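Here the structure is laid out as structure tokens; the discussion comes afterwards.
Protein chains: 2
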Amino acid sequence: MKLYSYFRSSASYRVRIALNLKGLPYEYVPVHLVRDGGEHLAPAYRALNQDALLPTLIVGDDVVQQSLAIIEYLDETHPAPPLLPSTPVERAYVRSVALQVACEIHPVDNLRVLKYLKRTLGVDDAAKDAWYRHWIETGFSTLEAHLVAAGRTGTFCFGDTPTVADLCLIPQVFNAHRFNIDTTRYPTIHRINENALQHDAFARAAPGAQPDAE
Amino acid sequence: MKLYSYFRSSASYRVRIALNLKGLPYEYVPVHLVRDGGEHLAPAYRALNQDALLPTLIVGDDVVQQSLAIIEYLDETHPAPPLLPSTPVERAYVRSVALQVACEIHPVDNLRVLKYLKRTLGVDDAAKDAWYRHWIETGFSTLEAHLVAAGRTGTFCFGDTPTVADLCLIPQVFNAHRFNIDTTRYPTIHRINENALQHDAFARAAPGAQPDAE
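Those protein sequence lines, which keep their order, are chains A and B.
Just so we're aligned, residue 0 is where the first sequence starts under numbering that gives the first Met the number 0, counting upward by one.
Just so we're aligned, residue 0 is where the second sequence starts under numbering that gives the first Met the number 0, counting upward by one.
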């Protein structure tokens, strides 16, 4: 397997955790999002991924895109350990937590959105950073309420083993800390993150542990 | 089953198509996103859905949130007709198309994002509408390339039967048309939309066919 990744890309980070949890070795192919105007925008990468987004996973002749689709694919092709619970309603709950991060928080703070704010709308850096924090804080506030209301957390978002919910949450907490958000205001999220960082599969997937880390 | 929905909510529209395709009757509970400052923000709805987002599906005692999690849940609990192909790599492809809409286009144009642009950043209506169109046009342009490169379309995004990819795409095309985007520039997307609108399950799920349509 070959993973096109950028050390600080949240979506790549999610898939790296999945690969580590499954014990799957892979070749790491760095794609720099800033250098040379963005290596992801170059024709070579766009031939693989028309959306010019990271990550892309190559398995034999198969090209798999979109982090959540990649994670479901890995879970179907390498079922142990499972990244989703066993009953439909529990699976729906875990997926809903993952999607709260992947659909409601992360896309609005994506690099291309921040560029549009700055270049097209002329938003200054302070307002851009406030935007970034706003969507994480709004999202974490409701996600914390969701986790508490559901009462299903243990060491992780769902019980004591990692699921796709944690694969999405932990990279988002990393982003929050980069922007100096105090996550102790979200005690459940904060606790799950502290637990995950002790886990080898999460630690080895962290941005600072990647070959292209700066 | 009970679906909390708003006629013009894309995420609700996706789930309505799924319910129709599966032939599942449901009670429609309208939640108005504008009236009274937004009925979705009222405590009664937030007790069900802490994120204050539509839709929410109620099945017995189960509360299921996030449209893509709801659709996977319906596909697991009511497998016929399937909304995903049978092989992992084909499933990944279909999910990646769905996620290109659900993660890359739709969230950036969400109502709360548009409100932030206007109220907090002081963006005028013309620039706000240009933002809305920009993310659909950017997304449709890369999605069209993805669909063409994959070469898997038929009547629908994947062959001749609807999948979760179409459930996400068709509501997004509806939004594009609301903002006067000429979708003939994306011939594959345009063709699939034309086909879908002929399909009874899609037609009955359309915003104009809902009890709360204005």
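Beta carbons: idealized from backbone N, C-alpha and C, even for Gly.
Every value quoted in this text rests on a predicted model; they were computed, and no experiment measured them.
Residue-level contact to chain B via CB, residue i, 9 Å cutoff
i         : result
Cys156(A) : no
Asp61(A)  : yes
Ser9(A)   : no
Leu82(A)  : no
Glu213(A) : no
Ser4(A)   : no
Val172(A) : no
Pro28(A)  : The displayed chain sequence assigns Val, not Pro, to residue 28(A). No, Val28(A) does not count as interfacial toward chain B.
Gln209(A) : no
Ala25(A)  : It should be pointed out that residue 25(A) corresponds to Tyr in this sequence rather than to Ala. So no, Tyr25(A) is outside the interface.
Pro106(A) : yes
Thr182(A) : no
Ala148(A) : yes
For residue i, the nearest candidate out of the options (CA to CA)
i         : options                                    : result
Thr152(A) : Arg118(A), Asn194(A), Ile135(A), Leu116(A) : Asn194(A)
Ala212(B) : Lys1(B), Met0(B), Phe6(B), Leu2(B)         : Phe6(B)
Pro170(B) : Leu146(B), Arg203(B), Ile191(B), Tyr12(B)  : Tyr12(B)
Ala101(B) : Ala164(B), Lys1(B), Leu32(B), Phe157(B)    : Ala164(B)
Thr86(A)  : Pro80(B), Tyr72(B), Arg94(B)               : Tyr72(B)
Asp108(A) : His133(A), Glu89(A), Leu98(A)              : His133(A)
Glu75(A)  : Glu89(B), Ile70(B), Pro81(B), Lys117(B)    : Glu89(B)
Arg94(B)  : Gly121(B), Pro24(B), Leu142(B)             : Leu142(B)
Ala126(B) : Ala41(A), Ala126(A), Arg118(A)             : Arg118(A)
Leu47(A)  : Leu110(A), Asp61(A), Leu82(A)              : Asp61(A)
Leu18(B)  : Leu166(B), Ile188(B), Arg177(B)            : Leu166(B)
Leu98(A)  : Pro54(A), Leu168(A), Asp199(A)             : Leu168(A)
His176(A) : Asp159(A), His198(A), Pro206(A), Gly150(A) : Pro206(A)
Val96(A)  : Pro78(B), Pro42(B), Pro84(B), Gln65(B)     : Gln65(B)
Leu56(B)  : Tyr25(B), Leu110(B), His77(B)              : Tyr25(B)
Below-9 Å beta-carbon distance, residue i vs any chain A residue
i         : result
Val88(B)  : yes
Leu52(B)  : yes
Arg15(B)  : no
Thr187(B) : no
Asn109(B) : yes
Ile69(B)  : yes
Val33(B)  : no
Glu193(B) : no
Leu113(B) : no
His198(B) : no
Tyr44(B)  : no
Ala91(B)  : yes
Ala144(B) : yes
Leu98(B)  : yes
Arg132(B) : no
Glu136(B) : no
Ala175(B) : no
Leu120(B) : yes
Supposed close pair residue i, residue j - CB separation, criterion 8 Å
i         : j         : result
Pro161(A) : Leu20(A)  : 6 Å
Ala144(A) : Val63(B)  : Rounded, the Cβ-Cβ distance is 17 Å, inconsistent with contact.
Ile16(B)  : Phe155(B) : Not really, about 11 Å apart at Cβ, beyond 8 Å.
Val30(A)  : Ser9(A)   : Actually they do not touch by this definition, with Cβ atoms about 14 Å apart.
Tyr27(A)  : Pro210(A) : 6 Å
Glu103(A) : Gly138(A) : 5 Å
Asp128(A) : Phe173(A) : Not a contact, Cβ separation roughly 16 Å.
Thr187(B) : Val147(B) : 6 Å
Leu82(A)  : Ile70(A)  : 6 Å
Val14(A)  : Leu2(A)   : 6 Å
Val33(B)  : Leu120(A) : Incorrect: roughly 24 Å between the Cβ atoms, too far for contact.
Ile180(A) : Glu136(A) : 7 Å
Beta-bridge partners of residue i, as assigned by DSSP
i         : result
Val62(A)  : Ile57(A)
Tyr115(A) : The partner list for Tyr115(A) (beta bridge, DSSP) is empty, contrary to what the question assumes.
Gly153(B) : None, per the DSSP bridge assignment.
Gly158(A) : Thr152(A)
Collapsed DSSP secondary structure at residue i in the structure displayed
i         : result
Thr137(B) : helix
Tyr131(A) : helix
Val122(B) : coil
Leu2(B)   : strand
Val14(B)  : helix
Thr86(B)  : coil
Val30(B)  : coil
Phe173(A) : helix
Ser8(B)   : coil
His77(B)  : coil
Tyr185(A) : coil
Ile69(A)  : helix
Asp50(A)  : coil
His198(B) : coil
Leu23(A)  : coil
Pro210(B) : coil
Asn109(B) : coil
Ala204(B) : helix
Gly37(B)  : coil
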